[in-house]
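If you count the sequence shown from 1, you need to add 10 to reach the working numbering.
We put the CB at the ideal spot given by N, CA and C, even for glycine.
All figures in this text were calculated on a predicted structure; none of them were measured in a lab.
Heads up: the structure comes next, in structure tokens.
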Amino acid sequence: SVHRAGREARRIVEAARAELAAALGARPQDVVFTSGGTEANRLALTGTGRNRLLASAVEHASVAAFCAPANQLAVDANGSLDLDALHAALADNGPDTLVSIMLANNETGTIQPIMEAAEIIHAAGALLHCDAIQGLGKLALEMRTLGADLLTVSAHKIGGPAGVGALVI
11 SVHRAGREAR RIVEAARAEL AAALGARPQD VVFTSGGTEA NRLALTGTGR NRLLASAVEH
71 ASVAAFCAPA NQLAVDANGS LDLDALHAAL ADNGPDTLVS IMLANNETGT IQPIMEAAEI
131 IHAAGALLHC DAIQGLGKLA LEMRTLGADL LTVSAHKIGG PAGVGALVI
């Protein structure tokens, strides 16, 4: 910006981008700020070029709305992803698939087996989107350790302003 206030705003945004990237084990240029968690999830789900979406049966509404019931992955009585069902669902056309799994369920508190799921997903040539919004500030979210190709977070979960989310690629 040619204005001092604009340059200061840019400096603050870039500092926040660098801080978030460091916290998630990502590069600052891989952090895309959005208007919230819902937009971050939608961008993740529609921006990969993959033609098939699989998601667990207990996803947040912002993800579930994009996933046909036939592409919902089974969960057990505790709401934990059935890894055998994931493996079977990827057997036919894994490389053209994006799998979306929420790290921590906002209603049950169930923590999904993300690292184990990531191994299955990547072995099939698919991509993993991890909706980590509920885990931000509560769980370790080092992106590469989790095995996520895309990760979404929302600022309001850690006391930040409402209407600020991020997609990390």
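Whole-number beta carbon distance between residue j and residue i, since they are thought to touch under 8 Å
| i | j | result |
| --- | --- | --- |
| A136 | L160 | Not confirmed; about 12 Å, so no contact. |
| I179 | V42 | 7 Å |
| S110 | L30 | That pair is no contact at about 20 Å. |
Residue environment, residue i, which counts as buried when at least 16 other CB atoms sit within 10 Å
| i | result |
| --- | --- |
| D141 | buried |
| S72 | buried |
| E117 | exposed |
| S11 | exposed |
Nonlocal neighbours in the same chain, by C-beta distance under 6 Å from residue i, ignoring five residues either side
| i | result |
| --- | --- |
| R27 | P38 and V41 |
| H97 | I130 |
Beta bridge counterpart(s) of residue i as assigned by DSSP
| i | result |
| --- | --- |
| G175 | T44 and S164 |
| C140 | I111 and L161 |
| L83 | S66 |
| L91 | V85 |
| I218 | This structure gives no information on residue 218, because the portion of the chain shown stretches from 11 to 179. |
Same chain, Cβ closer than 7 Å to residue i, five either side skipped, listed in chain order
| i | result |
| --- | --- |
| L83 | L64, A65, S66, A67, L91, D92, A95, L96 and A99 |
Close-in-space but distant-in-sequence residues of the same chain around residue i (CB under 8 Å, 5 per side omitted)
| i | result |
| --- | --- |
| R202 | The requested residue 202 is not part of the displayed model; the chain covers only 11 to 179. |
> Is the number of C-beta pairs between the stretch 23-40 and the stretch 148-157 that are closer than 8 Å three or more?
Replying inline: The stretch 23-40 vs the stretch 148-157: in contact.
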